[in-house]
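If you use my numbering, the sequence shown corresponds to residues -17 to 305, in order.
We treat Cβ as the ideally placed atom computed from N, Cα and C, and that holds for glycine.
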Amino acid sequence: MRRIACISLLASLLAAGAPASAAQSNYPNKPIRMVVPFAPGGGSDISARILAAGLQDVLGQTIVVDNRPGAGSILGCDIVAKANPDGYTTLLGNISMAFNTAIYKKLPYDVMRDFAPISLVTDQPNILVAHPSLPPKSFKAFIAHAEANPGKLNFGSAGRGSGTHLAMEMLLMSRKLQLTHIPYKGTGPALTALLGNQISVFFSTFASALPHVKGGRLNAYAVTSAKRTKQLPQVPTVAESGFPGYEYSTWYGLLAPAGTPRAILDKLNREAVRVLKSDGTRNRYLSQGVEPIPSTSAQYVAHLKSEVQKWTKVVRAARIPQQ
């Protein structure tokens, strides 16, 4: 009798595991939702839609881009953190995940615990731009001008605690420069203020400022990437202009809820990397001023951890109050 009971129990366990195993082997067999925690039209949305188009082709399923803006990406991230970990809800996150961990005392999720990074997707540098009426015409001249006039210049940002704010704070701390911070509600309003000569400088995202630089409406001082950009090769990097080691870029990456089966994560990684390395997708990204940066899951985990540590130090050193 005991033997029969054991056999019956084993059969039940095998039967229970069969559907999950079959679901993973047949993945995906329905549309996949890709949550973008920002409004349409921005860098996250652009990166998501180009990646989604490529993944649809290789996975054979529709990728539905779902924009869920709010609270600096917290709303959209929370939706994914609490979603069913079955591979049918993903997140196109970005560097704001590290910023928010540094700035907020308490989040509704834990960035390192509640997400399963799949692959980094793209990387976009920032560029320090100024109104043409500002006397300095180069980055080094601007730094000298700022040192000679402490507190007389100001800089705009896309909001307190945003990347455009923290990137400038990191620069100011390295040379103990004094500029007044003027936060705006987004990159668009800050650029408008700069174009109207209402602020001195702005660390804009590259793609947003590029048309104004090419049109002569703004002067480009320096880019924040480790190397000069192909679109503006004459503009130096911050690092090569007297700030060795300085590097900042807005990265974007694909994630899933923690607990998503490893087989599904591995498949998503393989196909995402395949798409990102394809000539068609790469050219679409480069035309937008961003660089594809496919990675392994482990590399993304390490990068995310490093970014959280880095920006926590910047927030504390800049004495930005936690919210």
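Rounded separation between residue i and residue j - CA only
| i | j | result |
| --- | --- | --- |
| residue 70 | residue 262 | 25 Å |
| residue 294 | residue 301 | 11 Å |
| residue 187 | residue 109 | 6 Å |
| residue 112 | residue 7 | 54 Å |
| residue 306 | residue 234 | What is shown of the chain runs -17 to 305, which leaves residue 306 out entirely. |
| residue 43 | residue 238 | 17 Å |
| residue 297 | residue 183 | 21 Å |
| residue 229 | residue 206 | 5 Å |
| residue 223 | residue 185 | 16 Å |
| residue 115 | residue 199 | 10 Å |
| residue 271 | residue 106 | 7 Å |
| residue 66 | residue 99 | 16 Å |
| residue 283 | residue 15 | 22 Å |
| residue 191 | residue 73 | 26 Å |
| residue 163 | residue 29 | 29 Å |
| residue 309 | residue 257 | Outside the shown range of the chain (-17 to 305) lies residue 309, about which nothing can therefore be said. |
| residue 90 | residue 62 | 11 Å |
| residue 0 | residue 9 | Note on residue 0: pLDDT 49, under 50, position unreliable in the model; the coordinate value appears next. If you take the alpha carbons of residue 0 and residue 9, they lie about 14 Å apart. |
| residue 18 | residue 211 | 26 Å |
| residue 276 | residue 189 | 20 Å |
| residue 117 | residue 179 | 13 Å |
| residue 288 | residue 103 | 17 Å |
| residue 299 | residue 76 | 23 Å |
| residue 25 | residue 123 | 31 Å |
| residue 34 | residue 40 | 10 Å |
| residue 247 | residue 281 | 14 Å |
| residue 134 | residue 161 | 7 Å |
Where the beta strand (DSSP E) containing residue i begins and where it ends
| i | result |
| --- | --- |
| residue 231 | 231 to 239 |
| residue 105 | 97 to 112 |
| residue 71 | 71 to 76 |
| residue 302 | Taken as a continuous stretch (DSSP letters only), residue 302 belongs to no beta strand (DSSP E), as it is neither H nor E. |
| residue 165 | 162 to 165 |
Span of the alpha helix (DSSP H), counted from its first residue to its last, around residue i
| i | result |
| --- | --- |
| residue 194 | 188 to 196 |
| residue 155 | 145 to 157 |
| residue 61 | 56 to 63 |
| residue 172 | 169 to 177 |
Identified DSSP bridge partners for residue i
| i | result |
| --- | --- |
| residue 273 | 105 |
| residue 312 | Because the chain spans -17 through 305 in this model, residue 312 falls outside it and cannot be assessed. |
| residue 248 | DSSP lists no partner for residue 248. |
| residue 14 | 45 |
| residue 136 | 162 |
| residue 201 | 112 |
| residue 219 | 205 |
| residue 183 | 112, 137 |
Which listed residue (the options) has its alpha carbon closest to that of residue i
| i | options | result |
| --- | --- | --- |
| residue 278 | 252, 124, 272, 303 | 252 |
| residue 48 | 82, 54, 58 | 58 |
| residue 175 | 221, 46, 137, 209 | 137 |
| residue 267 | 62, 114, 27 | 27 |
| residue 54 | 62, 78, 121 | 78 |
| residue 303 | 38, 40, 82 | 82 |
| residue 88 | 119, 62, 56, 98 | 56 |
| residue 128 | 245, 249, 153, 102 | 153 |
| residue 119 | 201, 181, 169 | 201 |
| residue 197 | 177, 168, 204, 256 | 177 |
| residue 169 | 180, 12, 158, 145 | 145 |
| residue 45 | 12, 24, 171 | 12 |
| residue 227 | 52, 157, 290, 287 | 157 |
| residue 173 | 246, 194, 291 | 194 |
| residue 250 | 264, 273, 38 | 38 |
| residue 328 | 36, 41, 95 | Here the chain has residues from -17 to 305 only, and residue 328 is not among them. |
| residue 159 | 139, 165, 86, 131 | 131 |
| residue 290 | 149, 84, 50 | 84 |
Cβ-heavy atom distance, residue i to the ligand GTP, below 7 Å
| i | result |
| --- | --- |
| residue 158 | The model depicted lacks the ligand GTP and carries no ligand whatsoever. |
Proximity test, Cβ basis, 8 Å: residue i and chain B
| i | result |
| --- | --- |
| residue 178 | Protein chain content of the structure displayed is limited to a single chain, and chain B is not contained in it. |
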